Amino acid sequence: MNPAHRPQSRHHHGGGRRPNIGITPDLSFPTPDAPHPKYELKVAYADAVLRAGGLPMVLPYSDDPAVIGCYLDRISGLVVTGGAFDIPPEAYGEQPREGLGPIKAARTAFETELLKRALERNMPVLGVCGGMQLLNVVMGGTLFQDLRTECEHAREHEQKHDRAQPQHPVEIKEGTLLAELCGQGQLMVNSTHHQAARKVGDQVLVSAVSPDGVIEAIEARNHPFAVGVQWHPELLVQTMPVHLGIYKGFVGKARESRR
């Protein structure tokens, strides 16, 4: 076939060589029918990175500092994903309370070390849902262990309908990096969480809140790109392309930092 007539991929990106983007996978719980754990990654994460011009790379867990260093040497940006589990409260100085969900200690230990070292390198980082919560904890913040039992003013944040559809608005604050990516003012988002940031670290800026006051997005001060969003923008890019701006900004900064 003549190269000029080859069909173009919907992920074609003309902005130069794609930066390697590390993505943390989830780990399945063993069951009687599937006793061996599996790494799992929702297609939407990798698809959003591809659409934004990056090259997604899944990062299997390791407690070996040398392996983590090798990962970081080979990627230019890091996505810390969400999942149906909670961060151990001990990580932010608390004991477990009513409403806390299941814990995945190996995953949290790996992501914590990976995230800390990525931040030390000033590597662009995007935390999604639980990944935003971990970013807040790593930077000295705390969490509501369960919004229903600990935050009286919180409304429903676990939508029952299709997660590719929005649930509620958030207010993006003027002058933030998130406002540069999505525009300031109201943005409709999906909502799939029962925890949220309670107190943010000293070097963390709240960049979006929901109408009930729940923190919906954060970003690190004095860092080129360390952004956390409580929603899943990758699930909304088809129906609300504005959300792809978050991934485009992240991948663009990863491309710059690689130079």
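Under my numbering, read the sequence shown as residues -19 to 239, first letter to last.
Every residue gets a Cβ at the ideal spot worked out from N, C-alpha and C, and that includes glycine.
Computed from a prediction, not measured in an experiment: that's the story for all the values here.
Quick check: residue i and residue j, are their CB atoms within less than 7 Å of each other?
i      : j      : result
Phe9   : Tyr41  : no
Leu94  : Ile55  : no
Ala200 : Gln183 : yes
Glu74  : Thr129 : no
Val168 : Pro149 : Here the sequence assigns Met to residue 168, which means Val is not the residue at that position. Result yes, Cβ atoms of Met168 and Pro149 sit closer than 7 Å.
Phe65  : Pro76  : no
Which same chain residues, not among the five before or five after residue i, have their C-beta less than 8 Å away from its C-beta?
i      : result
Leu21  : Ile3, Pro5, Asp6, Val38 and Thr61
Gly111 : Thr4, Val59, Val60, Thr61, Gly62, Glu91 and Gly208
Lys96  : Val118
Tyr25  : Ile3, Pro36, Val59, Thr61, Val108 and Glu214
Lys18  : Leu7 and Ser8
Could you check how far apart the C-beta atoms of residue i and residue j are, in whole angstroms? I think they sit under 8 Å.
i      : j      : result
Glu203 : Leu99  : Checking the sequence shown, residue 203 turns out to be His, not Glu. That pair is a contact at about 7 Å.
Gly33  : Gly57  : Going by Cβ atoms, the distance from Gly33 to Gly57 rounds to 11 Å, so no, they are not a contact pair.
Lys179 : Gly121 : 5 Å
Glu236 : Tyr227 : Between Tyr227 and Glu236 the Cβ distance is about 15 Å, and since that is not below 8 Å, they are no contact.
Leu80  : Asp126 : 6 Å
Buried or exposed: where does residue i fall if 16 or more other Cβ atoms within 10 Å of its Cβ makes it buried?
i      : result
His223 : buried
His212 : buried
Val23  : exposed
Ala188 : buried
Glu196 : buried
Gln145 : exposed
Looking only at its own chain, which residues have a Cβ that is under 6 Å from the Cβ of residue i, when we skip the five neighbours before and after it?
i      : result
Gly229 : Leu161
Once you ignore the five residues that flank residue i on each side, which residues in its own chain have a CB closer than 7 Å to its CB?
i       : result
Leu185  : Thr156, Ile198, Glu199 and Arg201
Arg(-2) : Gly33, Gly34 and Leu35
Meets three-Cβ-pair contact criterion under 8 Å: the stretch 204 to 218 and the stretch 104 to 117 | Yes, the stretch 204 to 218 touches the stretch 104 to 117.
Determine contact between the stretch 147 to 167 and the stretch 114 to 129, defined as no fewer than three beta-carbon pairs at a distance below 8 Å.
-> With a cut-off of 8 Å on Cβ pairs, the stretch 147 to 167 is not in contact with the stretch 114 to 129, counting fewer than three such pairs.
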